[in-house]
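Asks: So the sequence shown is numbered by the numbering used here: it starts at 1 and just counts up by one.
C-beta atoms are modelled at their ideal positions from N, C-alpha and C, and glycine is treated no differently.
All figures in this text were calculated on a predicted structure; none of them were measured in a lab.
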Amino acid sequence: MNSKKLLHISFVDDSLLKAETRENSAFDDSLVAQAVGGYFDNLFIESFRVYDLELVIFPDVHNYAGIIIGGSGHFVRETEQLLWMHGMESFIREAIEADIPLLGICFGHQLITHVLGGVVGAFADERRDFGLVQMQRLEDAHDHILFRDVPEVFDALASHGDYVHELPVGARILARSQGCSIEAVEFGHMAYGVQFHPEYTPKIMLDLGRQRIVDEASRDRFAAGLSSAPHATQVLRNFVKHAVGD
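1. Have a look at Ala184 and His242 and give me their C-alpha separation to the nearest angstrom.
2. Residue ranges of each beta strand (DSSP E) run of no fewer than 3 residues wholly in the stretch 92 to 167, ordered along the chain?
3. Given this structure, state the Cα-to-Cα distance separating Thr21 from Asp13, to the nearest angstrom.
4. Please report the straight-line C-alpha distance between Gly108 and Gly71, rounded to a whole angstrom.
5. Using C-beta distances below 6 Å, list every residue in its chain close to Ile204, excluding the 5 sequence neighbours before and after it, in chain order.
6. Taking C-alpha atoms, which residue in Ala232, Pro230, Gln211 and His231 lies nearest to Phe222?
7. Mapping DSSP to helix, strand and coil, what is Ser30?
8. Looking only at C-alpha atoms, which of Leu102, Asp28, Ser90 and His231 sits nearest to Val150?
9. Nearest to His165 by CA position, among Ile182, Asp215 and Pro198, is which residue?
10. Give the straight-line distance between the Cα atoms of Asn238 and Val153, rounded to the nearest whole angstrom.
11. Identify the residues that DSSP records as bridge partners of Tyr39: which are they?
12. Note the first and the last residue of the continuous beta strand (DSSP E) segment covering Glu199.
13. What do you get for Arg137, buried or exposed, if any count of 16 or more other CB atoms within 10 angstroms of its CB means buried?
14. I need the boundaries of the beta strand (DSSP E) containing Ser47, first residue and last residue.
15. Less than 8 Å separating the beta-carbons of Gly161 and Phe123?
16. Hey, could you find the ends of the alpha helix (DSSP H) Glu216 is sitting in?
17. Looking only at its chain, what residues have a beta carbon closer than 6 Å to the beta carbon of Tyr200, apart from the 5 residues adjacent to it on each side?
18. Taking the alpha-carbon positions, what's the Asp28 to Asp207 distance?
19. The alpha helix (DSSP H) that contains His242, what's its start and end?
20. Would you mind working out which of Phe147, Asp125, Gly225 and Gly209 sits nearest Cys180, comparing C-alpha positions?
21. Is Val61 near Ile45, with beta carbons less than 8 Å apart?
22. What's the gap between the Cα of Asp215 and the Cα of Val36?
23. Rank Ile69, Glu54 and Leu6 by C-alpha distance to the C-alpha of Asp41 and give the top, closest one.
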């Protein structure tokens, strides 16, 4: 194992790729590297892209000090429609069994939940959390490795229509928001998940807003409400430090 090598799994939604939409940039596999770049010496982040219509042979989990599973335009409920989903589930189990530090972001967080027996679904009112969202770190997370130097209340950037309804047995909630009761989770076995996007920037959110919000006045209000979310990004950096050290 390379003690400074991380694996970042990203997902290329075929429909987004063909349409060349701004939303595709939200899953750019360089975003994680940009968020943690410059904070760690000799860190190498290997990107592994999963394409919808291709046979996927996942890497050996033992080759990495840590693994990050990123966001996607897909949903966990699409298991039978996506050729790679069962392989992804096996990969997650292998990483957990090997005690490789594992972080799921948004879709990745939901995938880990699903694999371990939790329940993922849409909001009842068909809404989505979108934009700058205030998070509350729970008491259980006070000294947690993911939340070092993160205040009890902090902002994060989010974009999701599904969320974790029920945790797997043995998991514990680390953070919540007003609209989503499960925003950060420790699954055990060195596996963690965050529903928000610690790798996002206001520019990424603005690109998404231009795609999703048709009315110009509403787009302007959305843009005015955006700001950077450094404490959310700190959660990502804390995970990397946990996996590879200083």
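Replies: From the atom records:
1. 16 Å
2. If we require 3 residues or more, the beta strand (DSSP E) runs fully inside the stretch 92 to 167 come out as 102 to 105, 119 to 122, 129 to 137, 153 to 160 and 162 to 166.
3. Low per-residue confidence applies at Thr21: pLDDT is 49, beneath 50, and the placement is therefore not dependable enough to give any value.
4. 6 Å
5. Ala26
6. Gln211
7. coil
8. His231
9. Ile182
10. 17 Å
11. Partner(s): none; Tyr39 has no beta bridge.
12. Where Glu199 is concerned, there is no enclosing beta strand (DSSP E), given that its DSSP letter is neither H nor E.
13. buried
14. Phe44 to Tyr51
15. Taking 8 Å as the Cβ cut-off, Gly161 and Phe123 qualify as a contacting pair.
16. Glu216 to Ala224
17. Cβ neighbours of Tyr200 within its own chain (closer than 6 Å, five residues either side excluded): Leu157.
18. One C-alpha to the other measures close to 13 Å.
19. That run of the alpha helix (DSSP H) goes Pro230 to Val244.
20. Asp125
21. no
22. 35 Å
23. The residue with the shortest Cα to Cα distance from Asp41 is Leu6.
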